[in-house]
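Reading through the structure tokens given below for one structure.
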Amino acid sequence: MMALIKVAVVCGLAGLTSTAFAQKTVLRVGHFPNVTHAQGMIAHGLSREGKGWFEQRLGPEVEVQWFVYNAGPSAMEAIFTKGLDITYVGPNPAINAHLKSRGAEIRIVAGACSGGAALVVQADGRIKADGDFRGRRMATPQLGNTQDVAARAWLASKGLRVTMTGGDVLVVPTANPDQLALFQKGDLDAVWTVEPWVTRLALEAKGRVYLEEGTLWPQTGGRYVTTHLVSSVRFLKERPALLKRWIAAHVELTQWINQRPDEAKRILNAEIKAETTKALPRETLDGAWQRLELTHDPIRTSLLRSAEDAHRIGFVREKPDLSHIYDLKLLNEVLRDKGLTEIP
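In my numbering, the protein residues as written are 114 to 457.
Structure (structure tokens):
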């Protein structure tokens, strides 16, 4: 089980009585220490600075507690056990949680991030064409995660047989830091991963980007979901007004980040250092940022195809029924209130 770091952010408690404290509503929110979770990271960083983005918009009666996870399944398990109310999480953990709970536990209520994934190969010429992947070792971040499914589906589309233990291409689920070290030593021929590791592989290990995942999504204009905002069904049903206020603040934060990228990256990198002990070099963060689009659009089409891919390559046994995985009613109310285009 991946380590879970809990950080409770409590703002404005000075002078409150114990009775007042007891009346506060506690909102438990998860995110990962990744650039693809920028809204969660930046909001958490602002909370540390005493400038809580969500706290200011939710009011003094709401206490926001931040929880940092290193893997999607851990965050989804926290939803199941009522340890989280909402979380930023990738598409495949959301799909798996929805199917595992037979649609009873989670709903995608907004988008957060598109893009950021790529296939990086050694720059020594060992891989020049699709057929050159035969007999090679390719790493992905985690078995069954979003990039792992994408890599296996792409290899299969090229006529390359992939199994859990071998095939024409050996796909090796490997933690991102280990990917970098193994790639630098030449023990990996290719890596399918997500930012900031794509940029780190290119800058620190002299890797070559062979394929930008966005090129596989012509039907969405190159956009594909990397991170969602997911709510527990319990929280959605019990506190819809509070969830709507969070979604409204999430939309506003997304706009703010896109309008002020330099300031946003400063806060993001400070939070990366706080959560991982080491900030990203500026060149790495700038390179990673260029591959990302922060958006409230959940890009439904890409999630549905990811689920089909997971089924086709054997990660999901039955054809997935995702007819109820989205609940965009509150998001569309927010967008309507702001005069923005609603999400179909």
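Glycine is no exception: its CB is placed at the ideal position from the N, C-alpha and C atoms.
Small disclaimer: the values here were computed from a predicted structure and weren't measured.
Does DSSP classify residue i as helix, strand or coil?
i: Pro457; result: coil
i: Cys124; result: The predicted model places Cys124 with a pLDDT of 43, which falls under 50 and marks its position as unreliable, so this point remains unresolved.
i: Thr306; result: strand
i: Ile426; result: coil
i: Ser187; result: helix
i: Arg352; result: coil
i: Thr397; result: helix
i: Ala133; result: With a pLDDT of only 44 at Ala133, under 50, the local geometry of the prediction cannot be trusted, and the value read off the model is given with reservation. Reduced to three states, the DSSP call for Ala133 is helix.
i: Arg336; result: coil
i: Ile412; result: coil
i: Gly172; result: coil
i: Glu162; result: coil
i: Ala362; result: helix
i: Glu406; result: strand
i: Ala242; result: coil
i: Ala387; result: helix
i: Ala294; result: helix
i: Ala318; result: coil
i: Ala225; result: strand
i: Val148; result: helix
i: Tyr439; result: strand
Please report the residue range of the alpha helix (DSSP H) in which residue i lies.
i: Ala230; result: Segment 230-234 is the beta strand (DSSP E) holding Ala230; no alpha helix (DSSP H) there.
i: Leu435; result: Careful: Leu435 lies outside any alpha helix (DSSP H) and carries neither H nor E.
i: Leu301; result: Leu301 -> no alpha helix (DSSP H), and no H or E assigned at all.
i: Arg449; result: 442-450
Counting along the chain, where does the beta strand (DSSP E) carrying residue i start and finish?
i: Glu325; result: 321-325
i: Phe180; result: 175-181
i: Ile199; result: 199-202
i: Arg373; result: Looking at the DSSP string, Arg373 is not in any beta strand (DSSP E), and its letter there is neither H nor E.
i: Arg215; result: Unbroken run through Arg215: none, as it is neither H nor E.
i: Thr138; result: 138-144
Using 8 Å as the threshold, is the C-beta distance between residue i and residue j below it?
i: Ala460; j: Pro290; result: Nothing can be reported for residue 460: it is not among the residues displayed for the chain, which extend from 114 to 457.
i: Ala207; j: Ile199; result: no
i: Ile385; j: Pro146; result: yes
i: Leu407; j: Ile380; result: no
i: Asp257; j: Phe428; result: In the sequence under discussion, the amino acid at residue 257 is Gly, which differs from the Asp named in the question. Yes, the pair counts as a contact, with Cβ atoms nearer than the cut-off.
i: Ile412; j: Thr306; result: no
i: Leu268; j: Val275; result: yes
i: Leu314; j: Val233; result: yes
i: Leu435; j: Ala420; result: yes
i: Ala387; j: Arg239; result: no
i: Tyr337; j: Glu326; result: yes
i: Arg249; j: Asp300; result: no
i: Phe167; j: Ala362; result: yes
i: Val282; j: Arg321; result: no
i: Lys319; j: Ala252; result: no
i: Thr397; j: Thr312; result: yes
i: Ala392; j: Gly158; result: no
i: Pro433; j: Leu212; result: yes
i: Ala264; j: Arg425; result: no
i: Gly244; j: Leu197; result: no
i: Lys137; j: Glu174; result: yes
Give the C-beta separation of residue i and residue j to the nearest angstrom, bearing in mind that I take them to be a contact with Cβ-Cβ under 8 Å.
i: Thr339; j: Ala223; result: About 13 Å; that fails the 8 Å criterion.
i: Val447; j: Val364; result: 6 Å
i: Ala377; j: Ile155; result: 6 Å
i: Arg141; j: Arg358; result: Going by Cβ atoms, the distance from Arg141 to Arg358 rounds to 16 Å, so no, they are not a contact pair.
i: Ile192; j: Ser415; result: No, Ile192 and Ser415 are not in contact; Cβ-Cβ is about 22 Å, not under 8 Å.
i: Pro353; j: Leu293; result: That belief does not hold up - the Cβ atoms of Pro353 and Leu293 are roughly 43 Å apart, past 8 Å.
i: Val202; j: Gly228; result: Not a contact, Cβ separation roughly 16 Å.
i: Ala225; j: His341; result: 6 Å
i: Ile438; j: Ile221; result: 6 Å
i: Leu366; j: Leu356; result: Going by Cβ atoms, the distance from Leu366 to Leu356 rounds to 15 Å, so no, they are not a contact pair.
i: Val139; j: Gln178; result: 6 Å
i: Pro254; j: Ala288; result: 7 Å
Can you find a heavy atom of the ligand MG that lies under 7 Å from the Cβ of residue i?
i: Gln368; result: Annotation note on the ligand MG: not contained in the displayed structure, which lists no ligands.
Entirely within the stretch 245-289 and at least 3 residues each: give me those beta strand (DSSP E) ranges in chain order. 250-253, 283-286
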